[in-house]
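**Q**
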Amino acid sequence: EAFVLTITLPLYFAISGLKTDITQITTSSEGAMVVLVCAMATGGKFLGAGSVAYISGMTVRESWAVAFLMNTRGLVELIVLNL
């Protein structure tokens with residue numbers, strides 16, 4: 012497990028990031044759509060995870076931490092998009 016978490020997983024994310032071709036975004040409307048999708052995904056995770064954590068009894072700071080950590084789970088979605 013340590014090998015996978017320290018070597019293989021970061022390597023996989025690096026290779027996937029290098030394969031991402033942002034030159035395919037040619038118009039401003041496509042760029043705006045990418046920004047909108049990223050903002051909605053980030054906002055949804057912050058709102059969903061953060062509010063549930065706060066309602067569950069965590070402090071505001073702890074719920075922000077949960078929301079931030081949940082937002083890092085979105086990296087997996089980027090990998091799926093590259094497949």
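If you use our numbering, the sequence shown corresponds to residues 12 to 94, in order.
Ideal placement from N, C-alpha and C gives every residue a C-beta, glycine not left out.
Which stretch, first to last residue, makes up the alpha helix (DSSP H) that contains residue 41?
**A** Against the sequence shown, residue 41 aligns to sequence position 30. Looking at the DSSP string, the run of the alpha helix (DSSP H) that includes residue 41 is 39–66.
**Q** From the DSSP output, in three-state form, read off residue 12 for me.
**A** The count along the sequence shown starts at 1 and reaches residue 12 at position 1. In the structure shown, residue 12 sits in coil (DSSP, three-state: anything other than H, G, I, E or B).
**Q** State the DSSP-derived secondary structure class of residue 69, mapped to helix, strand or coil.
**A** In the sequence shown, residue 69 corresponds to position 58, counting from 1. Here residue 69 sits in coil by DSSP.
**Q** Using only the alpha-carbon positions, how far apart do residue 25 and residue 13 sit?
**A** Position 14 of the sequence shown, counted from the start, is the residue given in the question as residue 25. Position 2 of the sequence shown, counted from the start, is the residue given in the question as residue 13. Roughly 18 Å separates the two Cα atoms.
**Q** Along the chain, where does the alpha helix (DSSP H) containing residue 26 start, and where does it finish?
**A** Here residue 26 refers to the residue found at position 15 when the sequence shown is read from its first residue. Start and end: 20–30.
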